[in-house]
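Heads up, the thing below is written out as structure tokens.
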Amino acid sequence: MTATTVDAPTPDTAPRTASTATWKAVIGLGVVLALYALLLALVPHEGAARFRLATDSDFVVLPTLVVPAMTTAWVCGLVGLAVLVLAAVRTRAGHRVPVWAIAVFAAALLVGFLAWAAAGSPRDLPVVGLLSGALALSVPLIYGALGGVIGERSGVVNIAIEGQLLAGAFTAAIVGSLTDSPWAGLFAAVVASALVALVLGMFTITYKVNQVIVGVVLNVLVIGLTSFFYSEVLVPNAPTLNSTTRFPQLPIPFLEQIPIIGPVLFDQTIVGYLMIVMVFVVWFALFRTKWGLRVRAVGEHPKAADTVGIDVIRTRYRAVLIGGAIAGLGGAFYTVVSINQFGREMTAGAGFIALAAVIFGKWDPLRAALAGLLFGFATNLQNVLSVVGSPVPSQFMLMLPYVVTLLAVAGLVGRSRAPAASGTPYTKE
Amino acid sequence: MSGETPDRDTTPGRDTTPEAAAEGVVENPLDEALGSVDPEAEPGLAEELEQEVAREQAPDVPDTGDRWRDAFRRATSGSWVVALGAIVLAIVAGSVLIIVTNEAVLAAAPYFFSRPGDTFAAIGEAVGGAYSALFQGAVYNFGADSFAQGIRPLTQTLTNATPLIAAGLGVALAFRAGLFNIGGQGQMLVAAIAAGWIGFGVTGVPWPWHMLLCLVAGVAAGALWAGIAGLLKARTGAHEVIVTIMLNYIAFYLLSYFLATPGLMQAPGSANPKTPPMQDGAVLPPLLGEQYNLHWGFVLSLVAVAYVWWLLNRSSTGFAFRAVGENPKAARVAGIDVSRTTVLVMLVAGGLVGLAGTQQVLGTVTTGFSADIDAGIGFDAITVALLGGSSPIGVLGAGILFGGFKAGGSAMQAAEGVPIEIVLVVQSLIVLFIAAPPLVRAIFRLPQPDRRPRAPRRRAAATPATTEEGQA
Amino acid sequence: MRLELRGITKRFGALVANDHIDLVVNPGEIHSLLGENGAGKSTLMNVLYGLYSADEGQILLDDEVQRFAGPGDAMAAGIGMVHQHFMLVPVFTVAENVMLGHESTRAGGVLDLEEARAKVREISARFGFHVDPDALVEDLPVGVQQRVEIIKALSRDADVLVFDEPTAVLTPQETDELMGIMRQLRDEGAAIVFITHKLREVRAVADRITVIRHGKVVGEARPTASDAELASLMVGRAVELTVHKDAPQLRDNALEVTDLEVTGPDGQVLVDRISFTVRGGEVLVIAGVQGNGQTEVTEALLGLQENVSGSVRLDGTELVGRTVRQILQAGVGFVPEDRNEDGLVGEFTIAENLVLDRTDGPPFVRRGMLQLATRDEFARDRVAEFDVRTQGIETRVGRLSGGNQQKVVLARELSRELRLFVAAQPTRGVDVGSIEFIHKRIVATRDEGVPVVVVSTELDEAVALADRIMVMYRGRVVGIVPADTPRDTLGLMMAGIAPEDGPGAPAGNDGDEGDAA
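Residue numbers (my numbering), protein chains in the order written: chain A, 17 to 445; chain B, 2 to 473; chain C, 73 to 589.
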């Protein structure tokens, strides 16, 4: 009966918007490029760099790539410079620097750096080994990060990823050894890690204890428990309790023979393949399913979820448990995939790296997985370079992922936005 | 903000930030009612409820007529009961660990039903032996020949407590200002680098000047390292939990590099990643004579306790710290520079943790150190601060308790073969239980009090987020 | 569907929030629940919606007794609620928000977003809304967000619709449109409960009116009843919201704001080059619907906003670019809009809060040390002077009622040497007794010759306090008018329409130097 229309925005009264483009990215790229150029200029490495692209099983054997190191390095630097100029132009025009530009920049400088580092070495730089090793090292990181993403999306910060990985590794070692079945070990790891998640949930969701505190303390608890039982039980009974059968490699016929990609991607254990699948499954589940919608709602605005009849507490518990279970898969990697026994504190901080990947990846499973890959790559780069005889001290290569995370968190990649209710318990009357 | 105000958690006076709700364990029905009234919508109701609460809170617990029960209620509604309960629970859990891994118990258990006495005897022996060893290793060794010998464990406890107290203060101070300092490890390591390098590398400076120089360098290094986290937080909003964790690793690899590189910190003529011993002039002298390990660092820790107490309770700087920790927005409106305060807090906190690192290299391990010089103290400090309720006096007590656990744990491992990691388990359980008073009360069937003891509120403690201005 | 509440009683401890309330709402009827803030309206609706459980009484739908364990049950039974604080997830799209909680899915729990979009479009078409199902809720204006709330309720086939103070965030025009929607819903057969404390709206739209006070039903009324009748029912006594004040004695000192512009973190212009002058001895009230830049103006005055250009001169001294502390030292007193967020530290004692912004030097701090004795004496004096009802100065401020908290803020700000006093929403969430007190103190400050700026969204308060009223809309000044300007004009101004001739375009403020008085 009455007029019920009008939301059309009236252009002349619409709030004005000022330009928000920031020079942060350009400055960051510029600093990195300057450091790179400085390195090349001050410590030139003459000679040829040898990249080995092939493995023994390739269908088509690519030749070893031999390039003049310094030339390659400087050319790569020029590519970087081009990207920098492009970024500056875009920023000046008020646009954001596109992600692909940063990716090209990073790739160019990386290749240049590798050429510089491998220059004059009699040994080939094994490109396949570098990549496949990176993937392997990132497996627990990515599983851990996926678990963390799910938890935080539901509003529970999970600092206890480290504890979950460790509990998973420990349990997988015992059960795997006892049953002589890596599958049983994998399953046990999932259960153990979910148990840690249950404790996390109990204290943070039910008792509303500060989530960071619980996470930190749970890590200590799990380190204490596993180390205690390791000394008391596993060491004296190592043959029966701490000697697992590992998952075999499962090369996929034909695909594994594709040069470079084949041996990197298609010669994994079941845990590795599962990880790749899991990344997409988690992404799909979070953003395309009813469960994911509810998890995100509970993490963003629990009261709104409550008023439409969603049980906030139960949804959070479920998400935390599922996250824990996934992290457990990463824990199992240590003792039924990577090596065949448990060692004291063998996760060595991987859980914290996974946590960094969660934030670096802006609480998105795909990005978090990429961040995990990056960290795995940086770690493996150090291994590979030490084989080639790199001029960079290994400690600095090991330090790299942390420095990168620090810079990323400090804003080079822009401010990220956590789920709004992350870290906040929900109090219902 | 209307779209996202968690108004059910909003009571007048408690702040309306989500973090406020973060510690909203509600136990009292009135409180609950209060928590569920939106003061915006129903200010009158909220007000009446407030007064209702105030009446009920009035000086005394209302008498129920049963004097003994009232006395019990009064006695058990204090937070120290929860602390005690938490310690008891943790120790019980520790006992279970000892029992299930004790060989004598396992040997007797299979015939438990025919001769249960054997099992119980074995349990008693295992647990009794372990805790007796723990006590004798931490406080007084009854088997010693003399009092001077017997008291030795206590001095070891205090030696262990020395860096725990200093680092615990650093974590606690940051807590009070709403910051999570997880970076104790890194701050200790850079402090060790600075103090240690000067300690063995600089020659010709006499005691005490050399020692003082090292102290200043170590404290400053810790302060600067933590200051990075403070600066990043203040400038870019980078969450300090992540930043300090990353700084831990960076410090570790930095020290590893120095230790592995001849000409830097590696001891000459050695291939081990270890420094040369400290010069005599740089060492913190023993406090009670040469026969004990306890050094003057302990006195420094006591001074630090007093300083932090004064800082928090009597100084305008500490007032600003607490204001920022409790409600940064109100602090900003009151003219307090929150960014500057954040940096300053981290500097002071890092300095305190740096003191712990310095105590390690100048007092506890003076024969040259390696990359594990932090000995996990950076993380233990977090549990110490939590157990101590983030108050300086509490940290002192918690630090001594955990120092005792450490000393006793070593003795227990040596005497009874119980791995020292059990101490980690007990410590972490204590903190977990203390953080959840309702759980402890429920386990011991203690009455739930009218008010929970309030933990210091933490600013955006667990939210690595840049909060968006709400609209609407 | 017919809704009946029978003898609903809800107690919080000794306090009875709802005392045997009976209410019947028939299909095709708008039933207005009228009452002051704090009368227990929202409690009643939360009981109806399953958020609280009643201590006594029954809820009946079509004469069947209902048991609601939570909002889910209430919704399933056909009750929909448009919440005062929208229950929308800001980072979700409209469609996602609408489907949340009753998602239709394809195989394997995969969301069927298409169906949700179709539903949004269908309902939008029915009511003539223009709502894009794929827009992010956080990007939508408030009025549109409310429509999303309505769509959300309707998408569940609600037969009983509860509107909880729906007009609080709307402009008068948007309010009129909402009324239209409510009538349309009624005509389609819905039973509508309309909760409000605004008489004009009740009389415009309600078919029946139930008035509650102190948790009890105190009477029923027809929409034909006069404002005075309704008001006296609602308040229980004749209220007169006038503040006694003499004609302003203008002085030479002044706050001069020229071309002030405030930009938000995302680049949106929140305050758009506004200019005004406030002389010593007068009160300028900034009026307008909430969220049109008033808050940002006050924050800019205090140096709390990051991106500010233009000039703010207080007695000739430039304030833009100074730190908050410097501005406070320049003699600016500030009562923030949200005292819990910005004005007080809830965990601190009254004494500590009273010196919160005075820790930079004597008398409360000397050589970096807090002067506790001085502070406590000061605190006791202020508590007495400002009539803060408390057990003592060591009481945590968080335990005080809203009115007493506001008195603490006022006591702190007014006990300094002031050269400018800025108060944003000084009486929000404050009991009637305290409101009077606060108004008196504000007028007293003005009479001391201090320029006073007050932000108020309540037209009544604006008219009562102001010597001049400045109305803001979308960051711009619509106009600066005398306090005795007719309400209709003010209402139009709040919707962005400049009084009479104006320069044509709404909200043009060039040359509006604020000398309208």
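Just so you know, even glycine gets a beta-carbon here, dropped at the ideal spot from N, CA and C.
Notebook entry, point to check: Any heavy atom of the ligand MG closer than 7 Å to the CB of LEU492/C?
Noted result: With respect to the ligand MG, the structure shown offers nothing to examine, as it has no ligands at all.
Item checked: As assigned by DSSP and simplified to three states, the class of GLY122/C -> coil
Checklist line | First through last residue of the beta strand (DSSP E) which encompasses GLN497/C | finding: It is not in any beta strand (DSSP E) - GLN497/C carries neither H nor E in the DSSP assignment.
Next item on the list: Could you work out which residue in GLY336/C, ARG272/C and ARG546/C is closest to ASP248/C when comparing CA atoms only?
Entry: Comparing Cα positions, the closest option is ARG272/C.
Checklist line | 7 Å Cβ shell around ASP204/C - same chain, five flanking residues per side excluded | finding: VAL166
Item checked: Cβ of VAL334/B within 8 Å of any chain C Cβ -> Yes, VAL334/B counts as interfacial toward chain C.
Check: Can you tell which of ILE507/C, ARG447/C and GLU210/C has its C-alpha closest to the C-alpha of ASP338/C?
Finding: Answer by Cα proximity: GLU210/C.
Item checked: Sequence-distant residues of its chain with Cβ nearer than 6 Å to ARG275/C (five each side left out) -> Cβ neighbours of ARG275/C beyond the five flanking positions: PRO295.
Note to self: So with CB distances below 7 Å, who are the chain A contacts of GLN188/B?
What the structure shows: Within 7 Å Cβ-Cβ: nothing; GLN188/B doesn't reach chain A, min ~15 Å.
Next item on the list: Could you check if PRO1/B is buried or exposed, using at least 16 other CB atoms within 10 Å of its CB as the buried criterion?
Entry: Only positions 2 to 473 of chain B appear in the structure, and residue 1/B is not among them; the question remains open.
Note to self: Using only the alpha-carbon positions, how far apart do GLU53/B and LEU87/C sit?
What the structure shows: The predicted position of GLU53/B is uncertain, since its pLDDT is 45 and thus under 50; a value taken from the coordinates is nonetheless stated next. Rounded to whole angstroms, the gap between the alpha carbons of GLU53/B and LEU87/C is 8 Å.
Item checked: Contacts around PHE245/A, its chain only, beta-carbon distance under 8 Å, and the 5 residues preceding and following it disregarded -> PHE186
Check: Rounded to the nearest angstrom, how far is the Cβ of SER340/B from that of ALA235/B, given a contact under 8 Å?
Finding: 4 Å
Next item on the list: Grab me the residues of VAL369/C's own chain with a C-beta within less than 6 Å of its C-beta, minus the 5 sequence neighbours each way, in chain order.
Entry: Cβ within range, chain order: VAL343.
Margin query: Check for me: the alpha helix (DSSP H) holding PRO198/A runs from which residue to which?
Written below: 198 to 217
Check: Alpha carbon to alpha carbon, how far is ALA139/B from SER411/B?
Finding: 9 Å
Note to self: What would DSSP say about ILE281/C, mapped onto helix, strand or coil?
What the structure shows: strand
Margin query: Could you check whether the Cβ of LEU194/A sits closer than 8 Å to any Cβ belonging to chain B?
Written below: no
Next item on the list: Could you name the residues that DSSP lists as bridge partners for THR165/C?
Entry: LEU208/C
Check: Excluding sequence positions up to five away, which residues of its chain have a Cβ less than 6 Å from the Cβ of MET147/C?
Finding: Only ARG228 meet the Cβ criterion.
Check: Of the choices GLN411/A, LEU49/A, TRP199/A and GLY344/A, whose alpha-carbon is the least far from that of ALA98/A?
Finding: Just measuring C-alpha positions, the residue of GLN411/A, LEU49/A, TRP199/A and GLY344/A sitting nearest ALA98/A is LEU49/A.
Next item on the list: Verify the CB distance criterion: does GLY440/C have a CB-CB separation below 8 Å to chain B?
Entry: yes
Notebook entry, point to check: In the segment 316 to 349 of chain A, which residues sit with their C-beta less than 9 Å from some C-beta in chain F, listed in chain order?
Noted result: No chain F appears in the structure shown, which is made up of the protein chains A, B and C.
Check: Can you pull the DSSP bridge partners for ALA263/C?
Finding: DSSP output for ALA263/C lists GLU101/C and VAL232/C as bridge partner(s).
Checklist line | Three CB pairs or more closer than 8 Å across the segment 413 to 426 of chain B and the segment 223 to 233 of chain A | finding: no
Next item on the list: Entirely within the segment 450 to 520 of chain C and at least 3 residues each: give me those beta strand (DSSP E) ranges in chain order.
Entry: 492 to 496
Note to self: Rounded to the nearest angstrom, what separates VAL404/A and GLN411/A at their Cα positions?
What the structure shows: 16 Å
Next item on the list: Could you work out which residue in ASP459/C, GLU489/C and VAL502/C is closest to SER473/C when comparing CA atoms only?
Entry: VAL502/C
Item checked: Backbone CA spacing between LEU106/C and GLY291/C [nearest angstrom] -> 10 Å
Notebook entry, point to check: Nearest CA to the CA of LEU6/A: which residue from ASN174/A, LEU202/A and ASN396/A?
Noted result: Examination of residue 6/A is not possible in this model, given that chain A is present from 17 through 445 alone.
Notebook entry, point to check: SER429/B touches chain A at which residues, Cβ-Cβ below 8 Å?
Noted result: What SER429/B touches in chain A: VAL233, LEU234, VAL236, LEU237 and GLY240.
Margin query: At the 8 Å Cβ level, is PHE235/C part of the contact set with chain B, yes or no?
Written below: no
Check: So, is LYS82/C buried or exposed, given that buried needs 16 or more other C-beta atoms within 10 angstroms?
Finding: buried
Margin query: Is the beta carbon of ILE465/C closer than 8 Å to that of ARG258/C?
Written below: no
Next item on the list: Let me know the secondary structure DSSP gives ARG394/C once reduced to three states.
Entry: coil
Notebook entry, point to check: Is the CB-CB distance between ILE342/A and ILE166/A below 8 Å?
Noted result: yes
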